[in-house]
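Novice: Chains as they are written, first to last, in the UniProt record's numbering: chain V, 1 to 293; chain C, 1 to 293; chain F, 1 to 293; chain H, 1 to 293; chain Z, 1 to 293; chain L, 1 to 293. Where a beta carbon is used, it is the ideal one built from N, C-alpha and C, also for glycine. All values reported here derive from a predicted model rather than from experimental measurement.
Number of protein chains: 6
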Amino acid sequence: MFFHTQELQFSATPEKPDAVYARKLQEVLGGQYGEISVAMQYMFQAWNMHVPGKYRDLVFGIGAEEFGHVEMLATMISQLLEKAPLGVAEAAVQDDPTVAAVVGGTDVQQAIVAGAGARPVDSNGNPWQGSYVTASGNLLADFTANANAEMQGRVQVARLYHMTDDPGVREMLAFLLARDTMHQNQWLRAIEELKADGLEQLPVPSNFPQGKEHTEVSYQYLNFSDGGQAGDGPWAHGPSLDGNGEHSYHDGPTTSAPMPPPTRPDARFYGTTDLPNAVEKVAGAAQDALNRE
Amino acid sequence: MFFHTQELQFSATPEKPDAVYARKLQEVLGGQYGEISVAMQYMFQAWNMHVPGKYRDLVFGIGAEEFGHVEMLATMISQLLEKAPLGVAEAAVQDDPTVAAVVGGTDVQQAIVAGAGARPVDSNGNPWQGSYVTASGNLLADFTANANAEMQGRVQVARLYHMTDDPGVREMLAFLLARDTMHQNQWLRAIEELKADGLEQLPVPSNFPQGKEHTEVSYQYLNFSDGGQAGDGPWAHGPSLDGNGEHSYHDGPTTSAPMPPPTRPDARFYGTTDLPNAVEKVAGAAQDALNRE
Amino acid sequence: MFFHTQELQFSATPEKPDAVYARKLQEVLGGQYGEISVAMQYMFQAWNMHVPGKYRDLVFGIGAEEFGHVEMLATMISQLLEKAPLGVAEAAVQDDPTVAAVVGGTDVQQAIVAGAGARPVDSNGNPWQGSYVTASGNLLADFTANANAEMQGRVQVARLYHMTDDPGVREMLAFLLARDTMHQNQWLRAIEELKADGLEQLPVPSNFPQGKEHTEVSYQYLNFSDGGQAGDGPWAHGPSLDGNGEHSYHDGPTTSAPMPPPTRPDARFYGTTDLPNAVEKVAGAAQDALNRE
Amino acid sequence: MFFHTQELQFSATPEKPDAVYARKLQEVLGGQYGEISVAMQYMFQAWNMHVPGKYRDLVFGIGAEEFGHVEMLATMISQLLEKAPLGVAEAAVQDDPTVAAVVGGTDVQQAIVAGAGARPVDSNGNPWQGSYVTASGNLLADFTANANAEMQGRVQVARLYHMTDDPGVREMLAFLLARDTMHQNQWLRAIEELKADGLEQLPVPSNFPQGKEHTEVSYQYLNFSDGGQAGDGPWAHGPSLDGNGEHSYHDGPTTSAPMPPPTRPDARFYGTTDLPNAVEKVAGAAQDALNRE
Amino acid sequence: MFFHTQELQFSATPEKPDAVYARKLQEVLGGQYGEISVAMQYMFQAWNMHVPGKYRDLVFGIGAEEFGHVEMLATMISQLLEKAPLGVAEAAVQDDPTVAAVVGGTDVQQAIVAGAGARPVDSNGNPWQGSYVTASGNLLADFTANANAEMQGRVQVARLYHMTDDPGVREMLAFLLARDTMHQNQWLRAIEELKADGLEQLPVPSNFPQGKEHTEVSYQYLNFSDGGQAGDGPWAHGPSLDGNGEHSYHDGPTTSAPMPPPTRPDARFYGTTDLPNAVEKVAGAAQDALNRE
Amino acid sequence: MFFHTQELQFSATPEKPDAVYARKLQEVLGGQYGEISVAMQYMFQAWNMHVPGKYRDLVFGIGAEEFGHVEMLATMISQLLEKAPLGVAEAAVQDDPTVAAVVGGTDVQQAIVAGAGARPVDSNGNPWQGSYVTASGNLLADFTANANAEMQGRVQVARLYHMTDDPGVREMLAFLLARDTMHQNQWLRAIEELKADGLEQLPVPSNFPQGKEHTEVSYQYLNFSDGGQAGDGPWAHGPSLDGNGEHSYHDGPTTSAPMPPPTRPDARFYGTTDLPNAVEKVAGAAQDALNRE
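If you want it as structure tokens, here you go:
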């Protein structure tokens, strides 16, 4: 169960309205790596988890915090939009080029659809979608997904920090940056803990029987492009990180197989084949069959 | 530029047709973590990269291999579908319950739309989409995204391995599992190399000025759920993995702020406010303004 | 801020696994009128609201409950999937036709992607999306959207009730049905309250200046189909519900206007026009312009 | 069947071109609550309807009118775009800031894709989609959806009215506002008629057996947020609108249940469990099984 | 304007219910090449057209017919679903394997969401979307799009014909096949007419100044794959169809250019570069700048 | 298999940065008719093809070239974005209106998400999606789809040519225009070849048994709109292009059928019917059934 309190985790009040920036902030609210994504992702990981205890507590504990960040951003956006212009005003534009930038750079749906409000969409107006969520049940994979989400998110917030000089907005972003720092550390630490607890190892999934995979290509770097410098990296020589093999370098593939012949599905799919031409008699039979069917 | 050869990297021929399995394989062809995703993701990372040399060579080298994996899967799927039933046959179903499973479990668009062919969609028929691609320009973040993609992908291929007993299909999956093993190792090794080269550190992005973030909350574990066991983990005590702080544990937030008052946008957005009621005189004026406008 | 407790609002445990039903339940978890939709919708309405007090408290109060319903459904689904078959087993199908139905009717992504877990998607695997959310800032409109969502949702849950005979599942649905009963009542009551408080009336938005709309067609029922019985309804005669007009009935439109002539955009859009033919000299000039450009 | 006449229901000609406004109008053409949505929604309701007579005639009659509104808007948009600039012209921008606003605020796909034409998308370029349509077969629910659609639509048109001062555009919007007034009245009246005819009541669906729902929570207002003013509303005390119960107010839930233990799906899903650690012997057995499989 | 009559263009009544087939028919109702697509596509082409007269009349005339085909299919689907099973019935499945196929093969949203009704989605439940529509304003391109749509559509209907043996369904499909025959003929004939009228030629757009394109590669077949048989085709030798050139065959490209060096955007985008390493002094300056910003 | 070389097919370097144009170019990279679409479409056609030899070689040969065009565009876009402004700078806007246009007209996700990089999306930020791909297995239909794609693509590139005056950008577009010229010629020529080889004819699919379609309406032009000029075209009189019939012209339909009565699905779908009213006794029985169930 979730309980809500009408307080924010941190101040989220701009010094002045800025409808163009309100649009940009939508990215970290409703974008692929926005706060809705991490809130939902951590919760679904918790609901799908097969281990009780510290890992599930951790995911629940952070997931609930992230819903509060969704709230901070939505609140900030609606304030940035409080004085949003309606967008008509040829005369005003003539007087002040800044107005032109605003007219051009706002999210028109924040105005027309939400009446100067926040929306569950990204900065280009694409609706948030469930496919942003990763929750596979394999915790090492999922915590790696979480680390990535927190990294991408922190990169985006850092970029947004430089796109405004409003002290109120920057305060909130400085807070979110700090929480992202924490969450990056935490997911990476949780990955170490999973290994230390013996629950999972590299390569993920680690208990897939090694004898069943084609191990002769499990540690080869196969270079399908012509830039040769990748051959010098630690991924091309020396022991593998998972401790199970030794890397080697190859220009192109070490294996190949002939492409199988084209398929010939049922004639009733009406795909084009060369049969009517090559073997007229058979084709006639096929046509007869179609006629009967 | 890309050059194509009419050979496969590895054999991709089933022993017998299986239209239900053909649908399932779509997941690793056109799903969120399928081969189209990694092929496109690595290529966009290469095109957006700001560093020449080994990292870009690496991303190009793997990306081009992945397009070949797309081809292997599409080829396999079209063969699995070669004898796909049209899906009508009440009598047949009566005789053989297996047919019922097949009728129910196939991707009907593989039949109706592609004429027994592969499609750029996942196992539920959702079209592949560009939002599956991550290419931020920050390599430590992006390589973490890649490691995640390879882990999720290998988990899915491992699951699919157990969903068939066709030796031809299993051969191909055993090959793909091995390549996923390599790629997991490689992206994680590349992350180590980035740090060793001094190009990026934790937390990502590492050169965002630390003085600008609210460092007092950068290492606190704030537990917004009531499960206490997360407080015992290494993310709640001791030094942080990024080397910049010391973790502490807290039940709930350590900061809070009052929620700002509701916004009052322009009356011409026709949002509901309590003004008409509370201050009738002003409301009248607002209505006059609307009438004039 | 949101706080989570590791308890459910009501029991959500099936008596036995049922992977086919787990797919169906996804509809009321992640579908257009599922619990994610109402949870997010009420929260965005609260964040965009322009009135403090009872209405905002109401929306926050219910919205937070709905997140708990998301959790109940996700928990139920993961349990229904606990014994989900992998989906291979020709022999098993031969022995038991029920297995065929299961193989055909399951959501294969719940298996391949989530490892027998719940996902933020609907019963056909379409990801939940932000465009399901309505939050316009006009409360009478938005509460009508909420009443609709609760009605559609309760209809779906009622249908799902008859699609299972598992007592544990039915218990949970019986609880959700009751909460939907409450929420329907509540949004409809809130609409009455808005009118009583003088905050909004029909037609929405009620303070758009009536003098600015074409009131001569504001109360006409214009029948563009040939079924005549609609002419007998209360929407075709007598006073209008908003108290501002009198209905009348008309076969077809009472107004019309000629369609304007086709547009002639800039030649550099390369649209097809009849100019090249009709006025060759001008066309030559246009081509000259293209050549120069 | 549908028959088309090359006339409009009302004049739809702007006084002057305005490419920025052409983009905004897309919202009420191809957005969630645009004219395509209501046209398609009413038609699907008619096609799915289980009652002949006045209700079906009504839905057909209005649906066909709405297709004419789609046409009016598309016609208007293509005229607003007739003089759409190509979007290059640094010098022009220097001379006239208005050009800058236009360059920034236009829908570039209207130019590049449609050659200065209308498109079935919303004002942010999101394609119209079938999931905007609601047609459940339950008429009280569906007519509530329709009332909501007409309200949201009229709010949007009213907002758009204030975003232009072109008399030709305003004329058309004044007409559409009037028709939205009619349609709001009509759907709400049809809801009253459904009840009067005894076809459906509150709560929807009204014939779900009340004995099967958990009626002890059917009329409780459970407040999961800490704003107390909602407790004073008519939804928290007194008789319910559906006539079946009496409301009461509660801080938080009146019921709770322990969260069930985490699930343990088949090992071949490769989810992370604590089994390998806790019970090594069993884990060994599980691994043996994987090896055999 | 559109007027509706409560008649169908052709009989659309199945002999018996078939919920599995009802799902399949959704493809030609709401799929990429279904009837909604062609209806909307032709109408948008008409609204965006720059030529009055026969071409616009043609597009309007067919577009309106297609809306009637949408209606026929929706009507058929709702009848096929009239006896749709609810989908629970373990016992029934045991007795009759056909039930298993039905349970597995139905569209569960037709049941749960639409109450046994048609929906604006394809046979996998993907909602119809506006991006299926092509209306560029260039008629030769658009009529080619139309010819393609009618061909793909007729192929799909032909496949569906063989997937049922219900005489009522086959009657309707036989009618639709005939109309598709007409429409294929018509769009291809209209393309000939456009050329004969001198309105457009190959290559489209034909009045783009030839002097501005790199004509030295306009007629070369560049083979980027290693299959040599394509070199024998009429696209590799002899005069081009547009009458402007002579084809030639080449293994691979005839031109190439070095890949430009990686970009170096503003440091505040936090992309990874090798600057910090290579030129520490500059990097220090860059960091100083970030600190100041 | 695919092999990559770190060279471009043609120079793709702008003379100066232009972030607004970088957004527009996304259309032909990741839009419906962009280079990703044709590259993927040709490849899927090859993988689904049922004919070996020249047709498959052709599709492979062009498809691989198109991936190189994706690369040229992505490379160009990242260079156009190299100096992309961060988007804050009120003072700068005051000094130079051009900046306002830039602020308004850029793709903010290219900045926030990709760090000044290209993305797999169109010019409005809609992600590329698999449903843009057509690969039915019927080659005449698919090559018509290809011809359309090349026409739409060339129209878009021609429009984009006039939207910039950067010589470097225009050079690249002039090259792409030439390749589109080739590909239009080629697909249309391949269609002729298919017919000459006797593999497929009009109408597609040509071997659907003519006796099974309602040939009496296969060549009628049925005009459902009131513009009469379409009756003069060659599609309304004279022999049909497929050589199988003779066209005739008709105002409206030549056939009609009564609309079937509304459906009456199972009461447990809770659709609204008039049964409760009309036949109370039966309704009572139905309600009893619901109560029991």
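(1) Apart from the five residues just before and just after F/S206, which ones in its own chain have a Cβ nearer than 7 Å to its Cβ?
(2) Identify the contact partners of H/G125 in chain L, using a Cβ-Cβ distance below 9 Å as the criterion.
(3) Looking at the C-beta of F/H214, does it have a partner C-beta in chain C at a distance below 8 Å?
(4) Sorted by chain position, which residues of the same chain lie with C-beta nearer than 7 Å to L/T254's C-beta, five sequence neighbours on each side aside?
(5) Would you call C/N185 buried or exposed, if buried means 16 or more other Cβ atoms sit within 10 Å of its Cβ?
(6) Would the beta-carbon of Z/H162 fall within 8 Å of that of V/R56?
(7) Would you call Z/A91 buried or exposed, if buried means 16 or more other Cβ atoms sit within 10 Å of its Cβ?
(8) Using 8 Å as the threshold, is the C-beta distance between Z/E15 and L/F224 below it?
(9) Cα-Cα, which of C/F143, C/D107, C/F67, C/N48 is closest to C/I77?
(10) Comparing the C-beta of C/L290 with each C-beta of chain F, is any distance below 8 Å?
(11) If you draw a straight line from the alpha carbon of L/T5 to that of L/D232, how long is it in whole angstroms?
(12) Just to confirm, are V/L140 and V/I62 a CB contact at a threshold of 8 Å?
(13) Once the 5 residues before and after H/G31 are set aside, which same chain residues still bring their CB inside 7 Å of it?
(14) Are three or more beta carbon pairs between the segment 142–154 of chain H and the segment 136–156 of chain F nearer than 8 Å?
(15) Thinking just about the alpha-carbon of each residue, which of C/L290, C/L241, C/H183, C/G252 is nearest to the one in C/Y42?
(16) If distances are taken between C-alpha atoms only, which option among Z/D226, Z/N146, Z/P203 comes closest to Z/G243?
(17) Quick check on this structure: which residue in C/A230, C/P261, C/R23, C/P17 has the alpha carbon closest to the alpha carbon of C/H247?
(18) Within 10 angstroms of its Cβ, does C/P17 collect 16 or more other Cβ (buried), or is it exposed?
(19) Looking only at its chain, what residues have a beta carbon closer than 8 Å to the beta carbon of H/G252, apart from the 5 residues adjacent to it on each side?
(20) What are the boundary residues of the alpha helix (DSSP H) that H/H250 is part of?
(21) Could you check how far apart the C-beta atoms of F/W128 and V/G130 are, in whole angstroms? I think they sit under 8 Å.
(22) On the three-state DSSP scale, how would you describe H/A257?
(23) Any idea if V/G115 is buried or exposed, counting beta-carbon neighbours within 10 angstroms, 16 or more meaning buried?
(24) Any Cβ of chain V within less than 8 Å of the Cβ of residue 301 of chain H?
(25) For the segment 153–184 of chain V, enumerate the residues whose C-beta is nearer than 8 Å to any C-beta of chain Z, in chain order.
(26) Residues of chain Z with CB closer than 7 Å to the CB of V/F269, please, in chain order.
(27) Examine chain C for any beta-carbon lying closer than 8 Å to the beta-carbon of V/T273, and answer yes or no.
(28) Do H/M40 and H/V133 have their beta-carbon atoms positioned less than 8 Å apart in this structure?
(29) Should F/T144 be listed as close to the ligand SAM, given that the test is whether its C-beta is under 7 Å from any heavy atom?
(30) With DSSP run on the structure shown, which of helix, strand or coil describes C/G117?
(31) Looking at Z/L176 and Z/H69, is the spacing between their C-beta atoms short of 8 Å?
(32) Counting contacts by CB-CB distance shorter than 8 Å, is H/K24 in contact with chain F?
(33) State the beta-bridge partners of H/S225 as determined by DSSP.
(34) Do the CB positions of H/V28 and H/Q156 come within less than 8 Å of each other?
(35) Starting from the Cα of F/T273, find the closest Cα among Z/Q110, Z/D226, Z/A46 and give me that residue.
Specialist: Looking at the atomic coordinates:
(1) E200
(2) D122, S123, N124, G125, N126
(3) no
(4) V217, Q220, L222
(5) buried
(6) no
(7) Bear in mind that the predicted position of Z/A91 carries a pLDDT of just 49, short of 50, making it unreliable; the figure below should be weighed with that in mind. When all chains shown are included, Z/A91 counts as exposed.
(8) no
(9) C/D107
(10) yes
(11) 56 Å
(12) no
(13) D122, S123
(14) yes
(15) C/H183
(16) Z/P203
(17) C/A230
(18) buried
(19) L222, N223, F224
(20) Looking at the DSSP string, H/H250 is not in any alpha helix (DSSP H); the run it does join, the beta strand (DSSP E), is 246–251.
(21) 4 Å
(22) strand
(23) buried
(24) Because chain H here runs from 1 to 293, residue 301 of chain H falls outside it and cannot be looked at.
(25) V155, A158, R159, H162
(26) R159
(27) no
(28) yes
(29) The ligand SAM is absent from the structure shown, which contains no ligands of any kind.
(30) coil
(31) yes
(32) no
(33) V/H4
(34) yes
(35) Z/A46
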